[in-house]
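Report on the structure given below.
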């Protein structure tokens with residue numbers, strides 16, 4: 003029950019006949035069947051001081067019924083209150099109901115507070131006036147909400163890892179803590195190598211030349227062709243011109259064309275040679291006989 007008014011003439015306060023002995027504590031919400039009234043400002047043994055929502059130091063978190071826009075109701079010290087922090091683009095109608103939002107952690111959400119009486123626009127927020135549902139100047143019986151409102155603030159919660167994060171692959175985790183070569187772990191492929199046979203017949207490994215190695219070899223050959231020695235740091239020596247063509251390897255001298263072999267003639271057989279010699283011998287004998295006789299062998 004309301005047993006009196008506050009001692010401050012400029013404040014909107016009432017005194018009720020329940021205090022700490024009845025479990026009343028500062029910060030508890032005070033309501034009536036019509037709606038929100040105020041909150042307990044101070045609790046004593048058998049009485050409590052209640053600050054009404056129409057006081058200039060009061061503030062209640064509210065929301066509009068139609069637009070669900072959230073704001074704060076502040077008292078003016080008179081019969082009306084101001085509804086602040088409602089954006090200018092929100093449509094607010096005169097007569098629209100206002101309810102508690104529960105964000106102030108004093109009043110439960112959904113308690114009726116009042117209705118809009120005037121709407122005006124100032125800067126980024128609207129200037130809205132509201133009349134409380136409860137008859138704050140004629141209060142006799144009020145209720146103090148003692149359970150279900152004053153909840154402890156949530157404690158600190160450690161940040162949780164993202165659920166979408168996949169576990170690190172075993173090979174990668176081994177690589178971070180292992181001193182083995184990456185080739186053995188399987189993260190890096192082994193460098194391909196070629197084999198060459200030496201004079202003694204043994205095989206030796208030759209690393210495969212990469213594009214970078216080929217380019218370095220080209221630069222070295224261009225520098226050698228221009229009589230430039232790398233690494234000497236001689237400022238008097240001009241740098242090599244890498245735009246020149248790579249020195250071509252000396253081409254082998256072509257061998258002279260071989261003379262075409264003569265077609266071999268068939269060697270005479272021994273039988274033909276003997277026959278030829280015999281015929282020549284007979285001819286010589288006949289000629290000698292003619293000379294001796296002095297006569298023509300042909301009549």
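Residue numbers (the numbering used here): 3 to 301. Cβ atoms here follow ideal geometry from the backbone N, Cα and C, with glycine treated the same way. Quick caveat: nothing in here was measured; it's all calculated off a predicted structure.
- Length of the line joining the Cα atoms of residue 64 and residue 45: Rounded to whole angstroms, residue 64 and residue 45 show a C-alpha spacing of 25 angstroms.
- Between residue 215 and residue 222, what straight-line distance do the alpha-carbon atoms span, to the nearest angstrom? Looking at the two C-alpha atoms, the distance is approximately 11 angstroms.
- Query: Under the rule that 16 or more other beta-carbon atoms within 10 Å means buried, what is residue 5, buried or exposed?
  - Reply: With fewer than 16 other Cβ atoms within 10 Å, it is exposed.
- Query: Which value, in whole angstroms, describes the spacing of the CA atoms of residue 212 and residue 218?
  - Reply: In this structure, the CA atom of residue 212 is about 10 angstroms from the CA atom of residue 218.
- Message: Between the alpha carbons of residue 100 and residue 111, how many angstroms are there, rounded?
- Response: Cα to Cα, residue 100 sits roughly 11 angstroms from residue 111.
- Hey, how far is the Cα of residue 114 from the Cα of residue 30? Going by C-alpha positions, residue 114 is about 17 angstroms away from residue 30.
- Message: In the DSSP assignment, the alpha helix (DSSP H) including residue 220 goes from what residue to what residue?
- Response: Looking at the DSSP string, the run of the alpha helix (DSSP H) that includes residue 220 is 213-227.
- Item | Closest residue to residue 38 among 149, 226 and 134 (Cα-Cα distance) | Selection 149, 226 and 134 evaluated against residue 38 yields 134 as nearest (Cα-Cα).
- Task: With hydrogens ignored, establish whether the beta-carbon of residue 103 is closer than 7 angstroms to any heavy atom of the ligand SAM.
- Result: This structure does not include the ligand SAM; it has no bound ligands of any sort.
- Item | Segment limits, beta strand (DSSP E) that includes residue 140 | Segment: none, residue 140 is in no beta strand (DSSP E) and carries neither H nor E.
- Item | Contact check, residue 41 vs residue 51, beta carbons under 8 angstroms | No, these two residues do not count as a Cβ contact at 8 angstroms.
- Query: Would you say residue 73 and residue 57 are within 8 angstroms of each other, going by their C-beta atoms?
  - Reply: With contacts defined as CB atoms closer than 8 angstroms, residue 73 and residue 57 fail to qualify as a contacting pair.
- Message: Please classify residue 102 as buried or exposed, where buried requires at least 16 other C-beta atoms within 10 Å of its C-beta.
- Response: Its Cβ being crowded by 16 or more others within 10 Å, residue 102 is buried.
- Backbone secondary structure at residue 95 - three-state DSSP: Here residue 95 sits in coil by DSSP.
- Query: For residue 230, which residues of its own chain have a beta-carbon under 6 angstroms away from its beta-carbon, when the five flanking residues on both sides are left out?
  - Reply: Only 242 meet the Cβ criterion.
- Between residue 109 and residue 144, is the Cβ-Cβ spacing less than 8 angstroms? Result no, Cβ atoms of residue 109 and residue 144 do not sit closer than 8 angstroms.
- Does the Cβ-Cβ distance between residue 18 and residue 8 come in under 8 angstroms? No, these two residues do not count as a Cβ contact at 8 angstroms.
- Query: Is the CB-CB distance between residue 93 and residue 67 below 8 angstroms?
  - Reply: Contact: no.
- Task: Take residue 48 and list the residues in its own chain whose beta-carbon comes closer than 6 angstroms to its own, dropping the five residues that flank it on each side.
- Result: So the list reads 21 and 23, once near-sequence residues are dropped.
- In the DSSP assignment, find the unbroken beta strand (DSSP E) run with residue 64 in it and report its ends. The continuous beta strand (DSSP E) containing residue 64 extends over residues 61-66.
- Taking the continuous beta strand (DSSP E) assigned at residue 119, which residues delimit it? Taken as a continuous stretch (DSSP letters only), the beta strand (DSSP E) holding residue 119 covers 114-124.
- Give the C-beta separation of residue 90 and residue 123 to the nearest angstrom, bearing in mind that I take them to be a contact with Cβ-Cβ under 8 angstroms. Under the criterion of beta carbons closer than 8 angstroms, residue 90 and residue 123 qualify as touching, at roughly 5 angstroms.
- Query: Using DSSP with H/G/I as helix, E/B as strand and the rest coil, what is residue 24?
  - Reply: It is helical.
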